[in-house]
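Report on the structure given below.
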Amino acid sequence: MLYYLKLTRESEFRIEKALYRQGKIVGGVYVGRGQEAIGVGSAIQLSEGDVVLPSHRDFSSFLIRGIPLKDIFCNWMARANGPTRGRENTLHIGNLERGLIPIISPLGDTCPVACGVALAMKQQKKKNVALVHFGEGTSSRGDVHEAMNLAAVMKLAVIFICNNNAYAYSTSTEKQYAIEDLAVRGAAYGMPGVKVDGNDVLAVYQTVAKAIARSRKGDGPSFIECKTFRMTGHSAHDAAEYVPEKLIKRWEARDPILRLEKYLLARQIISRKDIRELDETIKKEVDEAVAFAEASPFPKGPEALEGVYCGPDCWWERPGKES
Amino acid sequence: MLYYLKLTRESEFRIEKALYRQGKIVGGVYVGRGQEAIGVGSAIQLSEGDVVLPSHRDFSSFLIRGIPLKDIFCNWMARANGPTRGRENTLHIGNLERGLIPIISPLGDTCPVACGVALAMKQQKKKNVALVHFGEGTSSRGDVHEAMNLAAVMKLAVIFICNNNAYAYSTSTEKQYAIEDLAVRGAAYGMPGVKVDGNDVLAVYQTVAKAIARSRKGDGPSFIECKTFRMTGHSAHDAAEYVPEKLIKRWEARDPILRLEKYLLARQIISRKDIRELDETIKKEVDEAVAFAEASPFPKGPEALEGVYCGPDCWWERPGKES
Amino acid sequence: MPVLTYVEAIRQGIWEEMERDPSVFVIGEDVAEYGGAFKVTDGMLERFGRDRVIDTPISESAIVGAATGAALMGMRPVVEMQFMDFIACGFDQIVNMAAKIHYRWGAKVPMVIRGPSGAGVHGGPYHSQSNEMWFVHTPGLKVVIPSTAYDAKGLIKASIRDENPVIFYEHKFLYRRIKDEVPDEDYLVPLGRAAVRREGADIAVITYGAMVWTALEAAAELEKEGVSLEVVDLRSLLPYDEAAVLASVRKCGKVILLHEDTRTGGMAGELAALIGERAFDDLDGPIIRVTAPDTPVPFAPPLEEYFLPNAQKLMAAARKLAAY
Amino acid sequence: MPVLTYVEAIRQGIWEEMERDPSVFVIGEDVAEYGGAFKVTDGMLERFGRDRVIDTPISESAIVGAATGAALMGMRPVVEMQFMDFIACGFDQIVNMAAKIHYRWGAKVPMVIRGPSGAGVHGGPYHSQSNEMWFVHTPGLKVVIPSTAYDAKGLIKASIRDENPVIFYEHKFLYRRIKDEVPDEDYLVPLGRAAVRREGADIAVITYGAMVWTALEAAAELEKEGVSLEVVDLRSLLPYDEAAVLASVRKCGKVILLHEDTRTGGMAGELAALIGERAFDDLDGPIIRVTAPDTPVPFAPPLEEYFLPNAQKLMAAARKLAAY
Ligand SMILES: Cc1ncc(C[n+]2csc(CCOP(=O)(O)OP(=O)(O)O)c2C)c(N)n1
Ligand SMILES: Cc1ncc(C[n+]2csc(CCOP(=O)(O)OP(=O)(O)O)c2C)c(N)n1
Ligand SMILES: [Mg+2]
Ligand SMILES: [Mg+2]
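Protein chains in written order, with the working numbering: chain A, 639 to 961; chain B, 639 to 961; chain C, 2 to 325; chain D, 2 to 325.
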């Protein structure tokens, strides 16, 4: 877990603070600094055949499900041998073999899709689950409501994970909803609704584990609200002056990575030296992935016309295009 | 109240059981038999400047807000001197002077509109309220969620009234939601959520009164679930074979009109003779309105082209078109 | 050969596909017990069971989204919209999610969204719309509109087997008003291919849906006057059969574009552009549109009648064009 | 005269209307404190206060519906969509509720829905779309797309004063890239009226939005080759200025329809139909479309560049047509 937390942190750091500033990232940059525990604590316990639908900030889900780091960097840098071959940006990376369905920008749209994924699992008599992430701002969208209700009515194996990071762009939670905890919404649909410290990876793990177990038994969906904080601007171009300084300070103290380190050190599961070595390894991994991406070609213009439809000689399946 | 209940019942009866069968109603027929107490118990206590957004079954709201019965029949019969001049059917009758904004067929769409009405009231510093009706089936739509959340966040004077009549077309409630009472959804948004016997006009009155008082004080929206039953098919062409006979029997015993009669008789507020006379008056009123509508002309074809835009020489304001 | 109504043909087409392929399933409001508002899915629950004939809450957006998710997992959902007017409530999921997935990351989304559209039954502004152009203008979708029972069956089957999201419009006016010979066996009508419903020499009438019948009615009348209309039924609007349109225009030299949908931004415009670009030299007269005017669909019968194109209006336009 | 950017001109237009008319207010996501994702509403909260500059939850459908309700009560909401791509989430409220109210029962719905659209900034499939045709095909709406700062101010003001729902597209590529003279005082640019941006003799180029600049660039180049383009900027797409289009086509005899939006079902089709019907006799060559192809907007710069029309592509088409 520490490995994935740190790999996520370092990768996103590189994207937001180095590559973006060097103009090497194409398009906008959204990262999940401070919220890594949610993706890691949940994705890490999925089995083969499970599906995760990450939010725009869940970098770690991709790593854990086995997307090579270099592929992810290629995607951020719009390269031809990235998984979307330059068609899509950021974390809009889909891979059905690895059980990953990416977000689209209209927020909340993946919640109904997660229902359909779980419906198919049910029809196919599989004991798998679908895990969908979204922000507290996204919870205001009608699609989230329709999906949670549908999942409850049909007893679908969907885990709705809301990462409540206190802001939706510049909008704070009291302008987003008029309740204390979104978790109470579980009861509004007839599913468990729990809140958990989203900066405590072990707590996230345990809470999600319960929900998954429930779903695998056929008892239907759950709703989990992970309280966390967005430790950056909304995107790399947002200085986030609307966020009070003291809030940032308060949440810095709860950094999920430092917390896990402290926990592991205290129990002597790892040593300071292990951590230093891990940091080195990760730095190298990221260096390599970045170098790979930077050396990769951009796609060629005429490819833009290909692959609108899936047909007999599907462009995506033609040889010589894979990285 | 008894008058409006009975006038509604008789008017809808005439539409569903006589005019429709005679082929005199143009298009579909949806009525609210058995649910009249909800519209009557709520609309009757509105003040000038309040706005009601009825459901497709709330005939009484139109009567109480002062739309002449003959206008309503003209609308059902697609006549030129009905309020929509033949453009719209059934209860799709709007009248801003009388504070009536009609439903459109995509269910739930009036809930956000009600928020905007209340927002304008707030901006204009009025102490008015907006009252929006919808069915339990409609509660599944995203727009209802977005509207309830928005109203709670902005503390808008909206009363959300759900008439839970056990069916949405052929769909029973356990296929619509996985909870016991929709009323719990109030808590999911941060507003009071109460349930009430929708066949008890006095109970409806009192519950709505509380919500209105709250809103007028500036304390924001409320959600009221009125438990009732649809004592007809979904529409006049639906035999509703999917509804168990014994359910109908059970709800017949709870008829809101008979209950109010019994109540008034027991307290000697009215006599059997009063009731008979009232029935006679109402029958005559409806006869007259139907006769008026039947004698009214259909609109002329070329009018179809008019009034798409509101402009300087607005067609709707041209003389000689009003009934 | 058995004679079936349009609605029976659609039912049979879905039914056969469900028999053939266990991944095909039906989902929508009131489609199970009730068999659908227009009884298209009548009897399917009994035959195929609850896992494959699914009633939903009133949640068009979630229904479309769920169908997309199921399709990604290898299923082939057939979604019913109770009326195509309400597809607007699931619009974002169609145009932003389902339509773009294959282009964006290569996954297949084989699904059909079908339902009744069109006017002529006094349904008023919300039970009469023709909204196919929203989807014709969305790359990644296919759009299909049959006009005969034979095509209805062959096209719904081809749509279900297609690997892409297909929006399948059924004209509610035709459901029980037309009947034709529909083979019992398995056959497909290919997507993207038009049909010449009537050969003619003077004017090509390019149309689709219920208006095909209007065109045929006008053609029969005008023949008596010595004006010969060719009637082309597009059947698919996206992708549409450019070759068939151009061939008919080149043959006749004159063209009328006919549809029930409103004018500005309608399919007739798209066809006019194709013709104006690729058959310009063959044109012997202006490109004429006969369509509904730019208004919502009004309710009262005289208004609706005025709103809708019909044989008289088409004949008037054709006479004028013939004399050009 | 002051020189303003496109984004400043829009801000000034809204600002003046808010000063002039207390019923005008702004509503949307992050429009208050933050001043909007592109800073269009920057400073308005401080000037006009919380009742008139309103941040909302992420609920496009409720925002549009609420604006409609407020408009019915006599207010004049100006709704911001953070990106016009997300208008799909409020689609039903626009096309079924707001657009049809006046026709159905005569009430006024004066509201503006505005926001950034268009490509060219590597925004990928969901921050680059041109989706104006959905609304051009919806009777009851008006659709506006300015190409200059002067027009942006005059058109936003006219849109706010209009009694109908107006969808106001701002091209995000232009926000800070173009500047022109914008009078400080109150002026309107009427809806429904096109502008001839450059007089020419050989080929009429009918276009709108950012492509106006592309057309002007091509026209300047082609002049050196002796080909004279006339550039017509539609400014309004619904209703659009038929007379101006026809006049320019009649004058030049040849026409190219240019837009950034995808081809099938795009505005070029509508214009082609108008021209093919009403200016047929004046045409000396085929009606040519230069548009984006029928795909989602791809992300990588080489793909996006290939996708978008540009001066080179327009020039190639114009040379061919000139030689026709
Ligand atoms: C439907 C829709 N509306 C608006 C946006 C623009 N937008 C992108 S991210 C964002 C904030 C999202 O907030 P939240 O759901 O809390 O997620 P977070 O960014 O905080 O992780 C907004 C408004 C969008 N992408 N989709
Ligand atoms: C968005 C939408 N989907 C489907 C329909 C078709 N439809 C009309 S009424 C109805 C049932 C409504 O149920 P409910 O909300 O419980 O109201 P009731 O009819 O029971 O009063 C349905 C599905 C519709 N009008 N709008
Ligand atoms: Mg957030
Ligand atoms: Mg109901």
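Here a beta-carbon is modelled for each residue, glycine too, at the ideal position from N, C-alpha and C. All of these numbers come straight from a predicted model, not from anything done at the bench.
Between which residues of its own chain and residue i is the CB-CB distance below 7 angstroms, once the five residues before and five after are set aside?
{"i": "A:VAL782", "result": "GLY746, CYS749, PHE772 and THR776"}
{"i": "B:GLU960", "result": "With a pLDDT of 46 at B:GLU960, under the threshold of 50, the predicted position of this residue should be treated as unreliable, and no value is reported."}
{"i": "B:TRP953", "result": "GLU944 and GLY945"}
If you measure from the CB of residue i, is any heavy atom of ligand 2 nearer than 7 angstroms?
{"i": "D:GLN13", "result": "no"}
{"i": "B:ASN803", "result": "yes"}
{"i": "B:HIS872", "result": "yes"}
{"i": "C:GLU171", "result": "no"}
{"i": "B:PRO744", "result": "yes"}
Comparing alpha-carbon positions, which option in the options lies nearest residue i?
{"i": "B:ASP804", "options": "B:ASP819, B:ILE797, B:ALA795 and B:PHE798", "result": "Inspection of the sequence shows that residue 804 of chain B is occupied by Ala rather than by Asp. Per the Cα distances, B:ASP819."}
{"i": "A:PRO950", "options": "C:ALA33, C:ARG264, C:PHE26 and C:LYS109", "result": "C:LYS109"}
{"i": "A:MET639", "options": "A:ARG910, A:ALA785, A:PRO692 and A:ILE895", "result": "A:ILE895"}
{"i": "D:ASP282", "options": "C:PHE300, C:THR265 and C:TYR325", "result": "C:TYR325"}
{"i": "D:LEU322", "options": "D:LEU259, D:SER24, D:ASP262 and D:LYS255", "result": "D:LYS255"}
{"i": "A:PHE700", "options": "A:ALA681, A:GLU686, A:MET715 and A:SER685", "result": "A:ALA681"}
{"i": "B:GLU899", "options": "B:ARG914, B:ARG888 and B:TRP889", "result": "B:ARG914"}
{"i": "D:ALA56", "options": "B:ALA758, B:ARG695, B:VAL791 and B:GLN683", "result": "With the sequence shown as reference, residue 56 of chain D is identified as Asp, and Ala is not the correct amino acid for it. Comparing Cα-Cα distances from D:ASP56 to each of B:ALA758, B:ARG695, B:VAL791 and B:GLN683, the minimum goes to B:VAL791."}
{"i": "D:ALA245", "options": "D:GLU18, D:ARG194 and D:ALA211", "result": "D:ARG194"}
{"i": "D:GLY210", "options": "D:GLY227, D:ALA221, D:GLU222 and D:ARG236", "result": "D:ARG236"}
Taking only heavy atoms of ligand 1 into account, decide whether any of them is closer than 7 angstroms to the Cβ of residue i.
{"i": "A:PHE772", "result": "yes"}
{"i": "D:TYR35", "result": "no"}
{"i": "A:ARG868", "result": "yes"}
{"i": "C:SER229", "result": "no"}
{"i": "A:ILE886", "result": "no"}
Checking the sheet assignment: what are the DSSP bridge partners for residue i?
{"i": "D:ILE257", "result": "D:VAL206 and D:ILE289"}
{"i": "C:TYR170", "result": "C:GLY116"}
{"i": "A:TYR805", "result": "A:SER810"}
{"i": "D:ALA77", "result": "Note that residue 77 of chain D is Arg in the sequence shown, not Ala. Paired residues: D:VAL25."}
{"i": "A:ASN733", "result": "A:LEU738"}
{"i": "D:LEU239", "result": "D:VAL144"}
{"i": "A:VAL796", "result": "A:ALA768"}
{"i": "D:THR263", "result": "D:ALA293"}
{"i": "B:SER860", "result": "B:ILE797"}
Does the beta-carbon of residue i have 16 or more other beta-carbons within 10 angstroms, so that it is buried, or is it exposed?
{"i": "C:MET2", "result": "exposed"}
{"i": "B:LYS865", "result": "buried"}
{"i": "D:ASP52", "result": "exposed"}
{"i": "A:THR919", "result": "exposed"}
{"i": "D:ALA63", "result": "buried"}
Would you check whether ligand 3 has a heavy atom nearer than 7 angstroms to the C-beta of residue i?
{"i": "A:GLY775", "result": "yes"}
What residues in its chain sit with their C-beta under 6 angstroms from that of residue i, if we drop five residues either side in the sequence?
{"i": "C:LEU5", "result": "ALA150 and VAL183"}
{"i": "B:GLU654", "result": "VAL667, VAL669 and ALA874"}
{"i": "C:GLY99", "result": "The question names Gly, yet the displayed sequence has Ala at residue 99 of chain C. Contacts found: THR69, VAL110 and PRO166."}
{"i": "A:LYS793", "result": "GLY858"}
{"i": "D:ILE114", "result": "VAL80 and ILE168"}
{"i": "A:ASN727", "result": "GLY665"}
Is residue i near ligand 4, going by C-beta to nearest heavy atom under 7 angstroms?
{"i": "B:ALA675", "result": "no"}
{"i": "B:ALA806", "result": "yes"}
Going along the chain, which residues of its own chain have a beta-carbon closer than 8 angstroms to the beta-carbon of residue i, five neighbours each way excluded?
{"i": "B:ASN787", "result": "TYR827"}
{"i": "D:THR1", "result": "For residue 1 of chain D there is no data in the structure shown, the boundaries of chain D being 2 and 325."}
{"i": "A:ALA931", "result": "LYS708, PHE711, CYS712, TRP714, MET715, ARG717 and GLY720"}
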